[in-house]
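Residue numbers (the working numbering), protein chains in the order written: chain A, 20 to 322; chain B, 1285 to 1596. Positions of the beta carbon are idealized from the N, C-alpha and C atoms, including for glycine. Let me begin by presenting the structure, written as C-alpha cells, before commenting on it.
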Amino acid sequence: MATVAPPAARFAKTALAVRKKRAETIAKWVFFAMAAAMIVPLLAIIAYLLYRAAPSLDWGFLVDMPRKGMREGGIWPAFAGTLYLVVISLAVAAPIGVLAAIYLNEYARDNWFNRLINLAVINLAGVPSIVHALFGLGAFVYAAKLGYSILAASLTLAIMTLPVIIASTREALASVPMAFREACWNVGATRWQTIRSVVLPNSISGILTGVILQVSRAAGETAPIMFTGAVFFKAIRPGTLFPYHLNDQCMALSMHLYTVSTQVPNVKDSIPYATAVVLLATVLLVNVSAIGLRVWLRARKRW
Amino acid sequence: MTDATPSSLHTVGPRPRRRTWAVVGEKALEAVIRASGVSAIFFVLAIFFFVFREAAPFLFSDEFKPFEFLFSTQWYPTSDINVRYGTWALTVGSISVTALAMVLAVPFGLGAAIYISEFSGRRQRETLKITIELLAAIPSVVWGFVGLTVMSKIIVALTGAPVGVNLLNGGVILALMSVPIIVSIGEDALKAVPDSYREAAQALGATRWQIVYRVLLPAAKNGLLAAVLLGVGRAVGETMAVLMATGHAVNLPHSVLDSVRTLTANIAAELGEAPAGSPHYRALFLTGVLLFCITFAVNVTADLAIRGRRRL
Chain A
20 MATVAPPAAR
30 FAKTALAVRK
40 KRAETIAKWV
50 FFAMAAAMIV
60 PLLAIIAYLL
70 YRAAPSLDWG
80 FLVDMPRKGM
90 REGGIWPAFA
100 GTLYLVVISL
110 AVAAPIGVLA
120 AIYLNEYARD
130 NWFNRLINLA
140 VINLAGVPSI
150 VHALFGLGAF
160 VYAAKLGYSI
170 LAASLTLAIM
180 TLPVIIASTR
190 EALASVPMAF
200 REACWNVGAT
210 RWQTIRSVVL
220 PNSISGILTG
230 VILQVSRAAG
240 ETAPIMFTGA
250 VFFKAIRPGT
260 LFPYHLNDQC
270 MALSMHLYTV
280 STQVPNVKDS
290 IPYATAVVLL
300 ATVLLVNVSA
310 IGLRVWLRAR
320 KRW
Chain B
1285 MTDATPSSLH
1295 TVGPRPRRRT
1305 WAVVGEKALE
1315 AVIRASGVSA
1325 IFFVLAIFFF
1335 VFREAAPFLF
1345 SDEFKPFEFL
1355 FSTQWYPTSD
1365 INVRYGTWAL
1375 TVGSISVTAL
1385 AMVLAVPFGL
1395 GAAIYISEFS
1405 GRRQRETLKI
1415 TIELLAAIPS
1425 VVWGFVGLTV
1435 MSKIIVALTG
1445 APVGVNLLNG
1455 GVILALMSVP
1465 IIVSIGEDAL
1475 KAVPDSYREA
1485 AQALGATRWQ
1495 IVYRVLLPAA
1505 KNGLLAAVLL
1515 GVGRAVGETM
1525 AVLMATGHAV
1535 NLPHSVLDSV
1545 RTLTANIAAE
1555 LGEAPAGSPH
1565 YRALFLTGVL
1575 LFCITFAVNV
1585 TADLAIRGRR
1595 RL
C-alpha cells in the first residue's frame, strides 16, 4: 500500500516502533502464560482427583463408618469431627477477631503500641502451623490440662485462624467511608454508638466473608490438630447426631486424608482420593460462597 | 463543651443524659474491644513462651551442645548408644526446598501479578483473582497428597528417578502453594504505584512493557520484595505438604532428586513418638523455637519492606 500513496509513508511504522510493538506483544503473552500457568494446575488437580475418586464417591461414603481398619467404608466420624473443630474454633475466634479488628480500625491511633499490635497480627499469621501445634500441645493439652481433646484442638485452631478474621474484618471496616462516621459523630453519637449503628451495618457482609474464610482455613488444617486432639481412628456410635464430647479425641477429614494415604497399608485405591475430594470440595465450596457474597455485596454497594 | 458555657442565643437547659448503665456498659464494651486488640500481642508472646517452656530444660541440660544442635548433620534422637541432636541436615532440607520453590514461584508469581495488574482486562482480572484465591484455599494436606500420588508419578516418568517423593517434588508443590500469596501481595504493590507514574511514562511514548520494567518494577520494588518474603515465610513454615512430598530422609541433598526432610516435617513426624518430657521431645520443641524465630525475622523484614513502600 505504501507504493501508491506517498503521504501514507509518513505514517508507516519505523523500525523502532515495530520493535517496541513486538516486545510489547511478547511481554504480554509471556505474562499471560505465567498467569494461565496457575489455572492449569488447579483444574488438572481437581479433575484428576475427581476421576480417581469416582468409584467411591457417593452419599454412603459421607455417612458411613470406616470399615476393616479404614481400608473400606465411609468417612462419617472424620467429617463430624471436622464440623466440631470448625464450629468451636469459629465460636472462639470470631468474637475476638472481630473485636480486635474493630479496635485496630476504629480506636487505635497510629502510635508504637498499635504498630506493635499490627506486627503481632502479621506474625500470628506467619507462625508455621507446626509451631501452633507445639503451642497447643504445651499450652492447652499440658498447661491448661485439657488433655488431647476436641477443645484443645479447637482452641489451637482458633488462635491460628484469628489473623484471617482480623485481616478481612479490618478491610471491611476500612471500606466504610470516613464521612459516614463523621456525620454520626456530629449528631452527638459516641464512638461505640457510631460503630454499632453506622459502621457495623455497613460492613457486616464483609465481616461475614472473613468469618467464612476462617471456616475454610480451619477445616483444612492438619498439623495444629495432629498433636492436640485429632486421632487416626475413633469409633463412634452410628446414627447419633452429636457423636463426640468436648473432651473426647476426634477424627478429622484432613487428618484422615493423611492417615489413609500414608499410614494405612492396602487401602482400597479410591478411598484416599475420595477423602481428598470431600475435603477439597468442602473447603472450595466455603470459599466460593465467600466470593459469591463479596460479588453480591459489591453489586449493591451504594457509595 | 461544658454546661457552664454562657449562651446568648438560647437558654441552657439540663443536658440530655444517657442512662448510667448505658454509659457503664459502653465503657465495659470498649474495654473488651481494647483487650481483644491487645490479645494479638498476648497470643504471640504466649506461643513463644509455651513452646520455649517445653524446650528450656533441654537447653540447660548436658545433652544440649549449641554448635552440634545447629551445625551437626547427625540427627539420631532415638539411638541407644549414640544419641545426637544435630539439625543441620534438616535446616539444609528446609532451605533447599524453599529455595527451589522460590526459583519456580517468584518468576511465575511476579509475572502473574504484573499481568493481572497491568495487562488484563476487567473480566480476565476477576477470573484470575478468583482462581488464585481458590488455589490459596487448597489445604496443605491435599497438596501433600497430590505430591505423593500425582507429582511423584510424573517425576518418576520424566526423570527416571527411583522414587518420586524428593526435593523436586516438594519444591514444585511448595511453589504452587506460595504462588498465590506472591501474586496477591505483588499485585497490591503494583496497584499502590500512583497512576500518574504510568501516565507520565505513556506520555513519553513508552509501551506497557517498558512502563513495567522501567517504571513500575523500580517503584514497587519494596512491595515486591515483601511479596517474595511472605512467600518464603509460607514455604519455610509449611508442614504437611513437605512431610508427604519430600520423601523423609534425613540427609544433605546432592541433587534435586534426593529425598530430604525439613525442620517442620521432622517435628510432625517425630513428635507423636517422642515421650513427653524426654530430651527428644524437648529437642523437637527447640526446633520449634528455631522455626518461630526464622519466620518472625522473615515477617518483620517483609513488614518493614511494605512500610517503606507506604512512605513513598
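- Counting along the chain, the unbroken alpha helix (DSSP H) around S1462(B) starts and ends at 1451 to 1475.
- L61(A) places its beta carbon 9 Å or farther from that of V230(A).
- Separation of R1299(B) and T228(A) (C-alpha to C-alpha, rounded to the nearest whole angstrom) is 42 Å.
- At a cut-off of 9 Å between C-beta atoms, R319(A) does not count as an interface residue with respect to chain B.
- Closest in alpha carbon position to S280(A), among E91(A), A171(A), A99(A), is E91(A).
- In the three-state scheme derived from DSSP, where H, G and I count as helix and E and B as strand, V1544(B) is classed as strand.
- The way I'd put it, the segment 1361 to 1375 of chain B does touch the segment 1529 to 1536 of chain B; three or more beta-carbon pairs between them come closer than 8 Å.
- Collapsing the DSSP output to three states places P85(A) in a strand.
- In the assembly as shown, E1522(B) is a buried residue. Its beta-carbon has 16 or more other beta-carbons within 10 Å.
- Closest option to V150(A), judged by alpha-carbon separation, among A1552(B), L1588(B), A1586(B): A1552(B).
- For F251(A), there is no enclosing alpha helix (DSSP H), as DSSP gives it neither H nor E.
- G239, E240, T241, A242, M245, F246: these are the residues of the segment 239 to 250 of chain A whose beta carbon lies less than 8 Å from some beta carbon of chain B, given in chain order.
- The criterion of a C-beta distance shorter than 9 Å is satisfied by P1464(B) and M57(A).
- Spatial neighbours of A72(A) in its own chain (CB-CB distance under 6 Å, excluding positions within 5 residues in sequence) are listed in chain order as S289, Y292, A293, V296.
- Contact residues of the segment 118 to 150 of chain A toward chain B are L118, A119, I121, Y122, L123, Y126, A127, L135, I136, L138, A139, V140, I141, N142, L143, G145, V146, P147, S148, I149, V150 (C-beta to C-beta distance below 7 Å).
- Of the other Cβ atoms in all chains shown, fewer than 16 fall within 10 Å of the Cβ of C1577(B); this residue is therefore exposed.
- E1557(B) carries a coil assignment under DSSP once its states are collapsed to helix, strand and coil.
- In the DSSP assignment, A1529(B) falls within the alpha helix (DSSP H) that extends over 1524 to 1529.
- In the DSSP assignment, Y126(A) falls outside any alpha helix (DSSP H), carrying neither H nor E.
- For the pair L123(A) and G1405(B), the CB atoms are not nearer than the 9 Å cut-off.
- Residue pairing by DSSP places Y1360(B) opposite R1368(B) in a beta bridge.
- DSSP places G92(A) within a strand segment (E or B) once states are collapsed to three.
- For a cut-off of 8 Å, the C-beta gap from I244(A) to T188(A) is around 24 Å, too long to register as a contact.
- By the Cβ test, the segment 1510 to 1526 of chain B is not in contact with the segment 198 to 217 of chain A, since fewer than three Cβ pairs between them sit closer than 8 Å.
- Look at T180(A): its C-beta is not under 9 Å from any C-beta on chain B.
- Residues of the segment 1420 to 1433 of chain B whose Cβ lies closer than 8 Å to any Cβ of chain A, in chain order: A1421, I1422, P1423, S1424, V1425, V1426, G1428, F1429, V1430, L1432, T1433.
- Between I169(A) and Y103(A) the beta-carbon gap is near 5 Å, inside 8 Å, which marks them as a contact.
- Taking the Cα of R317(A) as reference, the smallest distance to any Cα among S224(A), A139(A), R41(A) is reached at S224(A).
- Among the residues of chain B, none has a CB under 9 Å from the CB of K164(A); the nearest is roughly 13 Å distant.
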